[in-house]
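Numbering (the numbering used here), first residue to last: 12 to 1077. Heads up, the beta-carbon is just placed ideally off N, CA and C, and yes, glycines get one too.
Shown next as structure tokens:
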């Protein structure tokens, strides 16, 4: 029997204040019995139920709640066993990550990687059947390729494993135990939190972690405060109550009658009924969002993937074309007349072409450059967790920043205060003061009319400081390891503690005190004069708190006792009959009250939007023994006949450096959007103070609350995201939706956050930025962590990202020009029928080692001075396009012709060479003793190592000179000399030293199939190589003076990605 009729109020929204689907109401049968739930669910409803304020029918749930609760309490001793059958364990399930094998296989899905893997496999097969002295060296190429691919796979798997930690980190916020009231045992019992089910009655007290989403039924203390910052981002604990929340669409911050799983009880004790557990709780919904969020590839990864796909297709076609073109040479005498051996020979050339076209060293160089960038960022307090995100920072176009702790200090500070100066008839004048200092450091001055004052000269300020010190349970603490002052207790009360230290109303000598002693020196002096006997705790109905104090030493009578009161101005002033003027008490008239309230309203609106507290005293309170301290409803009767002393206005002040950073963002074309859980007025006020909005700017279509945003149509929401710069009173879903809209505009978004609630948006944004003081979940979901929680660090990281991208373009183009040269070299020798100028193992050596070092050093190029004066680059901007493409294609073609030319020079003109004719060289495969064309020519000279050594030396030398050209994209070497990047000069020296090593240090010449060169041959290498500097200087001159140097060729044509890839390998 469901006894809801016994307690009619429980069957209405007046108790629960919740709105539920009609499907739930049907679960109460007409006969009064409560129908059972379907087994296997962990919430009173599924996804529809999780937001219990989404529909209109309340009655059914309330009756059902009551039935379940009463059953657990009174009716069924078998409830725990039945519950175990009906409900799944109330815990967040562990995420089933990908297996190690799946992660490894994913690393080989890239087409370029697959081509290299195929090339390694084919090379291994060919090496197995190799004969003669090349048997051992033939295995070098496939082994090196396999090692490269394995190294890349290891890095990829490691990054994937790190990405899964965000979801697992959520489990640290799951409580282990909970206290429930069930009929199977007397009183409160502790059980595992995973065994708690919807309908359970749960008790929570100070220090407990809330085990489920709970609707509060009864508060067993004066107040109930909950720290729910991990879920809502609120910087101070929240006062809860049992009253219904009439708004069916209230955000979590406004659900004051709810306790959320994973949050902490800061003060008080309460009892409530469980309405959701496990994945159906608010923190469970965040987990579901994170699971559903697929990480987006960075712009650089997208560009490289696109180019890889195009290049892979073209490489395959060109390799097949080279093999087919030479079918007529398969039966040449050099192959012993065997068509099969000729086919295998040209197949090896095709494989070499594939190896040459792919920049094997590019992944390693990019990783190294990004890693070096992360080290530089770390010195600026930006810890980068995901290497590709370093480059993404460079094209960030929108920064969505949290307010508390990022744009502001998250250190509540008193900014203004006033006391009454004098009252003459209906006229009242005030003493107004401003206070310097925006942190918890107990240093600052008090100003009146911009002049510093001694607070001890004002009797009203002495009493105000006394109230601030005694109506206070907070203190300052000096953290010796961090060298900063920190709060102990509530932020609001800590601001008052810090104010007392700045006021120093008794002129306490603090010069000789240590920082630890200085933290609470002035507060200690006041507390030595007055003893706090008891505290009348804050309550919602009277909106104030007070302390009963007696002088020290006490004379055991209450003649000197005082009741000091602190609270909301309207509520406190309503109970004031007097006002303090100097050291006298004057009756509070209506005109004086209006003057005081108008000043408070002025401070609470406009650009400041201060949070105001009124301070008052009761000069002759009742004796402590006569006060009923166990009945909080009586407290308001003791806080009457008050004397108004003064008012303080406080705020979470903006960081000093933020305004300059906002201005820098505007110059750089970056839009800054504040997204906060605070109310709209406070958010807009802070936006005006830091420059997001100007002081007179109309914000009607530029600032929205979460509710206002939800009320818009999808089209209007999209338009709002295009123009808005402030979103207030938002929930996690709003942040994710905002990111989605911004991404639909092709914006590159950086999103900041520090709480569990921020994790889905951090994961969805291109750049997720967590605060160093934030939760482990936020840090795990983010690509970057700010160790100093400072917005200015984000701007510095964006600047570093732009510099890294510019340098990355330089070394990518440097490597590409080298690969173009290698491809042209192999293609020319194949088409012209010349002997091999370069072999695969030599190509690998150049791509990985001799080119890799200078390419890495190019990452140290100094940034442009105007780097933050340019608009964010288009994330779809190709790495190689237009005129720049032509420039590097021209350089690559020269490299190819130079390498083939140097090998040909040895055959035709070198005094130490055979000096054959070009016709003989082109037909070398037909060289036999009885062929009249080769009369007097030793056919073995066509297998000499000198031509390949000449070609390799020219290639390495040109690439070193080309590295010097890459110090600047368009500036001449005469204006941007190489010594501006000493790392590059060092890398060039090392690369040349390594080249000499393989030429002159045995057995390396055997492995790389090279031989030492003579001095005349080295002179020829330099003659062939040096013109590349003149060629690039001429191209730079055209860029600077006659062309835009960026996007289009001089005739206005923009090449497609496919054309770029084709041109590269052809």
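Status (buried if at least 16 other CB within 10 Å, exposed otherwise) for residue i
i            : result
residue 611  : buried
residue 864  : buried
residue 949  : exposed
residue 217  : exposed
residue 599  : buried
residue 211  : buried
residue 545  : exposed
residue 636  : exposed
residue 1026 : exposed
residue 825  : buried
residue 518  : exposed
residue 856  : buried
residue 561  : buried
Rounded C-alpha distance that separates residue i from residue j
i           : j            : result
residue 300 : residue 771  : 6 Å
residue 593 : residue 458  : 18 Å
residue 533 : residue 511  : 7 Å
residue 547 : residue 766  : 33 Å
residue 334 : residue 842  : 10 Å
residue 694 : residue 406  : 27 Å
residue 351 : residue 985  : 55 Å
residue 888 : residue 311  : 10 Å
residue 707 : residue 452  : 33 Å
residue 981 : residue 1050 : 7 Å
residue 862 : residue 971  : 8 Å
residue 388 : residue 381  : 10 Å
residue 275 : residue 207  : 17 Å
residue 327 : residue 964  : 28 Å
residue 323 : residue 880  : 38 Å
residue 719 : residue 689  : 14 Å
residue 316 : residue 920  : 45 Å
residue 988 : residue 974  : 12 Å
residue 778 : residue 614  : 37 Å
residue 156 : residue 1008 : 22 Å
residue 995 : residue 827  : 18 Å
Rounded distance between the beta-carbons of residue j and residue i, thought under 8 Å
i           : j           : result
residue 214 : residue 190 : 5 Å
residue 833 : residue 849 : 7 Å
residue 807 : residue 878 : The pair is not a contact, with the Cβ atoms about 12 Å apart (cut-off 8 Å).
residue 805 : residue 738 : At roughly 18 Å, the Cβ-Cβ gap does not stay under 8 Å, so residue 805 and residue 738 are not in contact.
residue 576 : residue 557 : 4 Å
residue 931 : residue 944 : 6 Å
residue 237 : residue 270 : 6 Å
residue 232 : residue 280 : 5 Å
residue 696 : residue 618 : 6 Å
Residues that residue i bridges to, as DSSP identifies them
i           : result
residue 628 : 575 and 654
residue 434 : 439
residue 547 : 557
residue 737 : 685 and 714
residue 270 : 225
residue 192 : 199 and 212
residue 419 : 665
residue 623 : 660
residue 424 : 662
residue 498 : 487
residue 538 : In the DSSP output, where bridge partners are listed per residue, residue 538 has none listed.
residue 596 : 591
Short CB-CB distance (under 8 Å) between residue i and chain D
i           : result
residue 685 : Here there is only one protein chain, and chain D is not present.
Inset, instruction - Pair every Cβ in the region 894–913 with every Cβ in the region 1039–1051, then say whether three or more of these pairs are closer than 8 Å. - result: yes
Inset, instruction - Check whether the region 958–966 touches the region 1014–1029, counting contact only when three or more Cβ pairs, one atom from each stretch, lie closer than 8 Å. - result: yes
Legend entry - Three CB pairs or more closer than 8 Å across the region 749–760 and the region 391–411: yes
Legend entry - contact_flag[the region 903–918, the region 419–430] where n(CB pairs < 8 Å) is 3 or more: no
Inset, instruction - State whether the region 577–597 contacts the region 490–498, with contact taken as three or more CB pairs (one from each stretch) at a distance under 8 Å. - result: no
Legend entry - At least three beta-carbon pairs within less than 8 Å, the region 659–666 to the region 425–442: yes
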